[in-house]
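Sequences listed follow chains A and B, in order.
The numbers in our numbering rise by one with no breaks, and the one at position 123 of the first sequence is 160.
The numbers in our numbering rise by one with no breaks, and the one at position 81 of the second sequence is 118.
C-beta: ideal position from N, C-alpha, C; glycine also.
Please read these numbers as outputs of a predicted model, since none were measured by experiment.
Number of protein chains: 2
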Amino acid sequence: MLIERMVTEMGQAAKEASRILRKTERSAKDKALLMTADRLLERKEEIQKENRKDLSLAREQGLSSAMIDRLTLDDKTLKSMAEGMREVAGLPDPVGEVTGMWKRPTGLTVGRVRIPLGVIGFIYESRPNVTVDAAALCLKSGNSVILKGGSEAINSNMILEKILKDALLEAGLPEKAVQVVPTTDRDAVRVLLGLDRYVDIIIPRGGEGLIRYVVENSRIPVLKHYKGVCHVYVDEFADPAMASDVCFNSKVQRPGVCNAMETMLVHKKIAGEFLPAMGKRFRDAGVELRGCPETIKILPWARAAVESDWPEEFLDLILSVRVVSDMDEALDHIEKYGSNHTDAIITKDYERSRRFLAEVDSSLVLVNASTRFNDGFQLGLGAEIGINTSKLHAFGPMGLEELTTTKFIAYGDGQLRS
Amino acid sequence: MLIERMVTEMGQAAKEASRILRKTERSAKDKALLMTADRLLERKEEIQKENRKDLSLAREQGLSSAMIDRLTLDDKTLKSMAEGMREVAGLPDPVGEVTGMWKRPTGLTVGRVRIPLGVIGFIYESRPNVTVDAAALCLKSGNSVILKGGSEAINSNMILEKILKDALLEAGLPEKAVQVVPTTDRDAVRVLLGLDRYVDIIIPRGGEGLIRYVVENSRIPVLKHYKGVCHVYVDEFADPAMASDVCFNSKVQRPGVCNAMETMLVHKKIAGEFLPAMGKRFRDAGVELRGCPETIKILPWARAAVESDWPEEFLDLILSVRVVSDMDEALDHIEKYGSNHTDAIITKDYERSRRFLAEVDSSLVLVNASTRFNDGFQLGLGAEIGINTSKLHAFGPMGLEELTTTKFIAYGDGQLRS
């Protein structure tokens with residue numbers, strides 16, 4: 038009951054703060070962001086003292102060194118967090134933009150104007166730097182945010198909240214605009230997911246288990262992706278050198294992320310020429326290949342793929358490979374096993390490029406470029422709070438604009454409906 | 038289990054049909070719409086025979102004459118349904134529109150292109166004409182739709198589905214693009230709301246009870262409004278004649294709909310001049326007034342408002358009236374009791390008009406015009422499938438464009454991420 042009450046009060050306070058934020062001019066929001074950037078560096082001893090509490094607990098609990106690395110707020114991380122805040126301050130303010138205005142036969146002038154969503158619930162794992170990144174994007178877009186981080190980062194997140202709140206107050210903004218849930222009790226998540234009176238949208242970021250828990254328990258709309266099973270289709274009319282470079286980059290440049298390639302589809306007419314060199318390049322880079330029977334004929338050293346490999350997000354140096362007899366088979370494969378995340382075709386054929394762009398139902402569809410470009414910064418949104426693979430609200434990477442909506446406004450001279 | 042399996046299979050079939058619909062050109066979709074329009078008139082005996090089954094059952098069950106009126110598919114209704122189909126056919130196709138395209142420093146050309154949402158679940162009460170209206174909007178925007186209408190209209194809805202399916206087949210489109218749930222068992226709704234594998238979005242239309250049931254039981258995002266508690270704020274600088282006309286139109290022109298005014302807020306400096314004549318005009322039209330103490334001082338014949346009147350959607354010739362001491366009090370009242378639906382200010386003051394437009398958090402905010410304009414047709418969207426008062430995806434009336442989303446596309450020349 039205590040947690041229920043606490044989280045509910047946080048929701049109510051966030052809603053009240055959002056009423057002020059939605060009429061806040063850009064200058065005050067930017068001031069709070071720039072002050073946070075300064076304070077992250079000025080108060081680094083204070084931050085690192087709290088961070089060490091999390092780190093020593095993490096070591097006691099035997100967390101992996103990779104996990105501990107992600108948890109550490111060293112000088113370099115703090116500096117890059119501060120830079121991130123300054124970059125967000127420099128981005129245009131999406132709020133207030135009139136996205137269209139037209140006149141009706143009645144003389145009524147009707148328009149749509151961009152407004153904040155209201156209150157965002159952000160649920161994430163590990164990585165305390167995400168706390169300030171997410172807070173910056175929500176604040177800049179005029180939204181209040183309730184942050185529920187991983188339990189292993191609780192002390193770090195609490196001191197970061199303090200820094201953010203101090204900056205908000207200094208900028209004349211409500212401190213409840215940014216709130217960190219001050220408990221590691223998972224029940225807080227359950228309560229948060231039920232606060233549809235106060236919270237407009239939930240963005241979870243983390244493993245598939247966390248995402249599924251959130252979707253199954255939320256009464257609030259959730260923007261999320263479960264996983265990224267990304268494909269590169271090497272068409273019969275591909276330039277083999279380009280195909281090799283793009284496939285290699287898509288798989289190897291950073292294999293642990295959602296926009297890395299997990300399955301390579303190769304047209305049978307190019308497979309004999311393309312696969313031997315490509316296979317060797319992957320093998321030399323330590324990539325395990327899991328191939329269909331046709332692939333194994335060409336690369337006998339590869340492991341045979343099983344059915345469960347096709348919908349799998351390996352997040353590792355593992356790649357499933359399938360030879361397809363035509364483009365339809367590639368499109369069917371992507372439709373069946375894909376995750377609506379990111380898919381690319383490599384081809385020199387105009388008509389096939391057009392067809393792939395039109396028919397693949399993914400948040401980013403590329404021709405002749407690496408799947409790794411599905412990212413808010415890379416695509417030119419300026420920032421990114423996450424990638425959504427549901428069709429609702431924003432399909433794909435979400436930047437500042439995707440944290441807003443539009444309302445209708447109408448200027449009249451006494452118009453009546455007849 | 039039978040219903041579970043049936044509805045699940047409908048979801049799967051809708052998903053498969055949506056894959057074809059998303060690459061269907063405008064001409065085929067329009068052909069199906071125009072054929073439906075023709076068949077609605079040519080096959081009217083067949084339709085009315087089924088409709089009479091619903092009507093006689095409705096009479097047996099003692100439904101109100103208003104309900105029976107809404108259920109009746111007479112010649113006039115069928116004609117207007119056919120006209121509606123032709124109008125939707127004439128609207129521009131939103132699918133395929135490129136809403137923006139830009140070049141990145143890497144040389145990658147990135148754009149956003151409008152695509153259908155996929156599969157829409159539409160849950161509604163009574164009114165069989167809504168069956169074809171909703172099907173037309175979903176089809177035109179390239180979406181499959183699963184329609185679950187009211188049990189009292191089941192025979193009418195089934196014959197309308199048959200007409201729609203015949204037209205789809207004649208136009209070379211998959212007949213599963215439009216499916217009516219062929220049962221009155223409410224369990225079908227529960228199953229439908231769990232089909233997040235197949236259904237992208239749920240739109241419920243009906244009373245608050247239906248909407249709440251849907252929101253509480255859905256794993257799929259729901260676009261909806263619970264109610265429309267719409268306000269007109271008569272500012273101290275209002276033109277009294279315009280204020281009287283707009284308030285009268287907002288309340289009386291059609292009191293039973295969601296965009297009718299439910300509460301009138303009057304600035305105290307104009308109340309003494311404005312309220313006596315306005316009150317009389319409402320009383321003469323049979324409107325019951327429920328006033329705050331200040332209102333009662335001016336209109337002693339009015340009934341005293343109680344707290345529960347302020348958040349109430351009367352949907353009737355009843356109006357709550359409150360005198361406010363300044364604009365802040367009006368804004369606070371709308372924030373506290375409003376439903377983010379439609380609110381208007383009547384004023385000649387420039388700064389107040391700007392402030393009202395900026396600060397009121399409703400899907401349509403008007404200056405000097407009737408609340409009754411919150412409607413897709415009236416605002417210029419060409420059509421409307423419903424009004425959404427959640428901030429997600431589309432805030433306000435939803436037309437064809439709001440039944441789509443955008444995906445990112447990227448044209449490259451071998452770009453790699455470094």
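Against chain B, the beta carbon of residue 430/A has neighbours under 7 Å at 429 and 430, listed in chain order. Taking C-alpha positions only, residue 443/A is separated from residue 442/B by approximately 14 Å.
Interface residue (Cβ-Cβ distance to chain A less than 8 Å): residue 159/B is not classified as such. Here residue 327/B is buried. Its C-beta has 16 or more other C-beta atoms within 10 Å.
In terms of Cβ geometry, residue 125/A and residue 174/A form a close pair [threshold 8 Å]. By the C-beta density criterion, residue 147/A is buried, having at least 16 other C-beta atoms within 10 angstroms.
Here the alpha carbons of residue 81/B and residue 112/B stand approximately 8 Å from one another. A straight line joining the alpha-carbon of residue 141/B with that of residue 417/A spans about 7 Å. In the three-state reduction of the DSSP assignment, residue 210/A falls in the coil class, being assigned neither a helical nor a strand state. Bounds of any beta strand (DSSP E) do not take in residue 329/A, whose DSSP letter is neither H nor E. Taking C-beta separations shorter than 7 Å and ignoring five residues to either side along the sequence, the partners of residue 178/B in its chain run 131, 132, 153, 437, 440 and 441, following chain order.
Contact of residue 145/B with chain A is assigned, a C-beta pair being separated by under 8 Å. Taking residue 159/B as the centre and dropping the five residues before and after it, the same chain places the C-beta of 171, 182, 184 and 240 closer than 6 Å to its C-beta, in chain order. With distances taken between CA atoms, residue 338/B lies nearest to 313/B out of 163/B, 345/B, 412/B and 313/B. DSSP, read as helix, strand or coil, puts residue 422/A in coil. Take residue 135/A, set aside five residues on each side of it, and the residues of its chain with a beta-carbon closer than 6 Å to its own are 148 and 150, in chain order. With fewer than 16 other CB atoms across the displayed protein chains lying within 10 angstroms of its CB, residue 385/A is exposed.
For residue 397/B against residue 368/B, the beta-carbon gap comes to about 7 Å, under 8 Å, which counts as contact. At least one beta carbon of chain A lies nearer than 8 Å to the beta carbon of residue 443/B.
The Cβ neighbour count for residue 164/A, taken over all protein chains shown within 10 Å, is at least 16; the residue is labelled buried. Pairwise C-beta distances place the region 212-229 of chain A out of contact with the region 265-274 of chain A, as fewer than three of them are shorter than 8 Å.
In terms of CA proximity to residue 448/B, 405/A leads the group 324/A, 62/A, 405/A and 176/A.
The bridge partners DSSP lists for residue 383/A are 271/A. Look at residue 311/A: its C-beta is not under 8 Å from any C-beta on chain B. Interface residue (Cβ-Cβ distance to chain B less than 8 Å): residue 138/A is not classified as such.
Listed in chain order, the beta strand (DSSP E) elements of length 3 or more contained wholly in the region 178-264 of chain A are 181-185, 215-217 and 238-242.
For residue 450/A, the enclosing beta strand (DSSP E) starts and ends at 441-452. The residues 148 and 150, in chain order, have a CB closer than 7 Å to that of residue 446/B in the same chain once the five nearest residues on each side in sequence are set aside.
By the criterion of at least three beta-carbon pairs nearer than 8 Å, the region 274-293 of chain A is in contact with the region 351-360 of chain A.
By the Cβ-count criterion, residue 346/A is buried, with 16 or more other Cβ atoms from all chains shown falling within 10 Å of its own Cβ. Of the residues assessed, residue 38/B falls on the exposed side of the cut-off, its CB having fewer than 16 other CB atoms within 10 angstroms.
Using a Cβ-Cβ cut-off of 8 Å, residue 40/B does not count as an interface residue toward chain A, since no Cβ of chain A sits closer than that to its own. Taken atom to atom, the span from the alpha-carbon of residue 424/A to that of residue 74/B is near 41 Å. Closest in C-alpha terms to residue 433/B, from the list 387/B, 70/B and 376/B, comes 376/B. One Cα belongs to residue 282/B, the other to residue 399/B, and the distance between them is close to 22 Å. Boundaries of the beta strand (DSSP E) around residue 300/B: 298-304.
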